[in-house]
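Trainee:
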Amino acid sequence: MAGLTRDERIGRLREVALFHDVPEDGLAAIADAATEVSFDAGRQIVRQGEVGTGFFLVVSGRGRVVRDGATIDVLGPGQFFGELSLLDGQPRIAQVVADGPTECVALASWDFEAILASQPGVALAILREVARRLRAVSEDHRH
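Structural data, given as structure tokens:
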């Protein structure tokens, strides 16, 4: 991987809905804690049923999302996965397999928790986004 600059990592993270309202200094802290990882075609990036330890943002390539053996989605550049396990530490509900050479920015859950503990503005912004998503799902199911 050629390697993203810090500013490029911040820019990519800013585009993720989960981090949309995170203050600039919080995005910088997340970008500094994130690492870049490459996956060969066919390699499992995360496994269904395993406890998640990180969040992944696809930088290039594609990740095929598979639940119980069936492909349910394909994620490309700018899309992400692992946000639920990042927040709740529960087992992953699907696996993601590199569909060709794939590069991601990854954030370990322990690094994320340290940022949340030291930067309340990050925690508040993420809580607001999670609340928005929960409200949207709740409203969708009322009709």
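In our numbering, the protein residues as written are -3 to 139.
Even glycine gets a Cβ: it sits at the ideal position worked out from N, Cα and C.
From Glu125 to Val133, what distance separates their C-alpha atoms?
Mentor: The straight-line gap from Cα to Cα measures roughly 12 Å.
Trainee: Taking only three categories from DSSP, how would you classify Pro116?
Mentor: Looking at Pro116 - three-state DSSP - the assignment turns out to be helix.
Trainee: May I have a chain-ordered list of the alpha helix (DSSP H) segments no shorter than 4 residues that lie completely inside the stretch 13 to 42?
Mentor: 20 to 29, all fully within the stretch 13 to 42.
Trainee: Cα-Cα, which of Glu11, Asp107, Val42, Gly38 is closest to Asp28?
Mentor: Among Glu11, Asp107, Val42, Gly38, the Cα nearest to that of Asp28 belongs to Asp107.
Trainee: Might you give, ordered along the chain, the residues of its own chain that have their beta carbon closer than 6 Å to the beta carbon of Pro19, omitting 5 neighbours on each side?
Mentor: The residues are Gly117.
Trainee: How many angstroms separate the CA atom of Asp95 from the CA atom of Arg131?
Mentor: Rounded to the nearest angstrom, the two C-alpha atoms are 33 Å apart.
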